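The structure appears right after this line, and notes come after that.
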Amino acid sequence: MPYRSPSAEIRFILDHVVPLAPVSATELFAEATPETVEAILTEAGRMCDEVIAPTNRDGDLTPAKLENGVVRSSPGFKEAFAAIAEGGWVGMAADPEYGGMGLPQALNVAVNDMLSGANLALQLNPLLTQGQIEALEHHASDELKELYLPKLTSGEWSGTMNLTEPQAGSDVGALRTKAEPNGDGTYAVTGQKIFITWGDNDCVSNVCHLVLARLPDGGAGTKGISLFMVPKLIPDANGNPGVANSLKVVSLEHKLGIHGSPTCVMSFEGATGWLVGEPHKGMAAMFTMMNNARLNVGVQGIGVAEAAYQKALEYAQERVQFTPIIEHADVRRMLATMKADIFAARSVALACAVALDMGRATGEADWSARAALLTPIAKAFGTDMGIWAAGEGVQVHGGMGFIEETGAAQYLRDARITAIYEGTNGIQAMDLVGRKMMDGGKVACALLQEVEDEAKSAREVLPELAEDVWAAAETLREATEEMVTKDMQDRFAGAVPYLKAFARVLGAHFHLRAAIAAGSGSARERLAAVYIRRLLPQYASALVEAQQGADGLYALSVEDLGA
Ligand SMILES: Cc1cc2nc3c(=O)[nH]c(=O)nc-3n(C[C@H](O)[C@H](O)[C@H](O)COP(=O)(O)OP(=O)(O)OC[C@H]3O[C@@H](n4cnc5c(N)ncnc54)[C@H](O)[C@@H]3O)c2cc1C
């Protein structure tokens, strides 16, 4: 059975678990009516199933190639990308003034989930373009907006994000790319960037690079970095692709997965760039793009997990070892926990998107703070879960899972990168316990209090499940109150397990909501029971680890590690 987009599942979540209704009730998103949501999910789902998913294996087997300095994409990708562009899916959440649909991020996330399940390598192209659109909308001059946004929004041009350099990965502040004023308002950008996703491609007529670089008077570290728009082809007087800029793709990386996504080493050799936002404030501008991308990378993990799950479910019904293997308890456990965890991560991602939308539409700081808190959780949980579920998908297949023809292995290889790019999951967890808790844990504790209150009310309907959710939320809230009193090094040492505990509790909260919405004796209730009894308890061991502090880790010296 080929991949089938989970549009009905997403619809259920947006109707009952993380309601979109308050978003649609705002003036900004009034067009996101239930009919529009239904039409979007159905149409995007059909495209993913019929046009995008059939290209997934070709991308894996025939990676993008660099030929005479130009990237040739994998077979079928050009046509599949054209379908995404023509459907208006690149600009779903973009400003209608520049041709976008102006729809909520929650719907964009839903479509990105389906696109990622259909073909992760290809989906990276519109994903990065969407991030670039958002960064330009917020930070670019009107002139740049008018020139670039319509073309990016329509999918005629694509966008990239250029941060990483050989010596500057997580430590972006170590970058060396320079930007010198040309004296005419433009800048000459010089330097090498590595790992640039879709740094060139033949699906579009121009590739627009957002590049972080340092001006001559830019200080050291992240505070001295500025952001530049550096197009592959410089737009002419009519805004059409004109002369070639002084930049090139030096080589493509050979990778574990996402073979269809060209990962480029880029060389900028005095390339003409235009400043985006204010000098030295490039990191703030780039963060607009990165936050969008972080949530949507979390969604990539969910999309791949869904595809891996569907394949495993099908195989488990066909493969007979004494009985169809789906009848064996351990196989049933793998499938049930995969399904339960996909639901949990999907709900967390959609909750983050709804908070973003509410923040934008109402201007209320509480919503934006909630979105900021949920972003690293959505990213790390979605991607860790995606890798785990893709691994379970291989396991359900037994030996056949390790054989490439099955396709199960591709999901595992493709998913692995999602925990690394857009800030590793370690960096996400540090963001959660560091920057996102600068308020003394206020936003986090308010959310956990809501979870507790709702679980308390749910005791009347589902006493046992509700009690477990309530107890977990209370323990996590107390652990949060204690954690914010610790110094940063101790927090960082426990950041990853703390984030896992938080995700576990949120997942249980959404499962409980789903069970109540679907009613007593429903399949949703049975799935919630699987999650709450088998996966939620992991929060407790994660918290034990989170509370250990750093001393024990450093007590084990570098020599003890065998260096
Ligand atoms: C396929 C692919 C596509 C990519 N696409 C892009 C792109 O389009 N644009 C772009 O700019 N970049 C891109 N990247 C780069 C990617 O974002 C980086 O690889 C990532 O941010 C990690 O940086 P690094 O590889 O240098 O690892 P490092 O920073 O060297 O990290 C190595 C390890 O050390 C840990 N670590 C590092 N610093 C700290 C710290 N302060 N505290 C705790 N732990 C730390 C990390 O978590 C990690 O486990 C891509 C990478 C790949 C592989």
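Going by our numbering, the letters in the sequence shown line up with residues 46 to 608, in that order.
We put the CB at the ideal spot given by N, CA and C, even for glycine.
Computed from a predicted structure; not experimentally measured.
Considering only residues of the same chain and omitting the five flanking positions on each side of ALA77, which have a CB-CB separation below 7 Å? LEU65, VAL68, SER69, LEU148, PRO149, LEU152
Are the stretch 159-177 and the stretch 117-125 touching by the rule of at least three beta carbon pairs closer than 8 Å? yes
In terms of DSSP beta bridges, what is GLY204 paired with? CYS253
Does TYR584 pass the burial test, meaning 16 or more other C-beta atoms within 10 Å, or should it be called exposed? buried
How many angstroms separate the CA atom of LEU189 from the CA atom of LEU181? 8 Å
Straight-line Cα distance separating VAL82 from TYR48: 21 Å
Within 10 angstroms of the Cβ of TYR576, are there 16 or more other Cβ atoms? Answer buried if so, exposed if not. buried
Say yes only if the C-beta of GLU519 is nearer than 7 Å to one or more non-hydrogen atoms of ligand 1, and no if none qualify. no
How big is the Cα-Cα spacing for ARG458 and GLY200? 28 Å
Strictly by DSSP, which residues pair up with ARG117? LYS110
Euclidean distance between Cα positions of ILE371 and GLY446: 15 Å
Exposed or buried, HIS254, counting other C-beta atoms within 10 Å across all chains shown (16 or more means buried)? buried
Looking only at C-alpha atoms, which of MET475, ALA474, LEU521 sits nearest to CYS490? LEU521
Just confirm the distance between the C-beta atoms of ALA139 and ILE178, as a whole number of angstroms; I'd bet it's less than 8 Å. 5 Å
Do the stretch 238-250 and the stretch 98-116 make contact, defined as three or more Cβ pairs closer than 8 Å? yes
Name the DSSP bridge partner or partners of LEU276? A small fix is needed here, since residue 276 is Pro in this sequence, not Leu. Bridge partners of PRO276: CYS253.
What is the rounded straight-line gap between the Cα of VAL62 and the Cα of TRP134? 25 Å
Where the beta strand (DSSP E) through TRP319 begins and ends: 308-321
Buried or exposed for ASP375, going by 16 or more other Cβ atoms inside 10 Å? exposed
Inter-residue Cα distance where the pair is GLY408 and LEU418: 17 Å
For a minimum of 4 consecutive residues, which ranges assigned as the alpha helix (DSSP H) are wholly contained in the stretch 526-573? 533-538, 540-563
Taking only heavy atoms of ligand 1 into account, decide whether any of them is closer than 7 Å to the Cβ of SER273. Inspection of the sequence shows that residue 273 is occupied by Phe rather than by Ser. Checking the Cβ of PHE273 against ligand 1 gives no.
According to DSSP, simplified to helix, strand and coil, what is PRO171? helix
On the CB-based measure, 16 or more other CB atoms within 10 Å of its CB, does GLY566 come out buried or exposed? exposed
Please list, in chain order, all residues of the same chain as GLY204 whose beta carbon is under 6 Å from its beta carbon, the five residues on each side excluded. LEU173, THR174, GLN177, LEU197, CYS253
Integer Cβ distance of GLY609 from HIS304, believed to fall under 8 Å: Residue 609 lies beyond the stretch modelled for the chain, which goes from 46 to 608, so this question has no answer here.
Test item: CB-CB of SER250 and TRP319 under 8 Å: no
Just to confirm before moving on: does the CB-CB distance between VAL234 and PHE273 stay below 8 Å? yes
For the pair the stretch 425-439 and the stretch 491-509, tell me if three or more CB-CB distances fall below 8 Å. no
Reduced DSSP secondary structure (H/G/I, E/B, other) of PRO286: strand
Residue(s) in a DSSP beta bridge with PRO99: Answer is none; PRO99 lacks a bridge partner.
Less than 8 Å between the C-beta atoms of ILE432 and ARG405, yes or no? no
Which residues does DSSP list as the beta-bridge partners of LYS293? SER312
Just to check, is the beta-carbon of LEU208 closer than 7 Å to a non-hydrogen atom of ligand 1? yes
Contact under 8 Å by Cβ, HIS184 with GLY322: yes
Near ASP386, what residues of its chain come up, given a Cβ to Cβ distance below 8 Å and the 5 sequence neighbours on each side ignored? ALA350, MET430, TRP433, ALA434, GLY552, TYR576, LEU580
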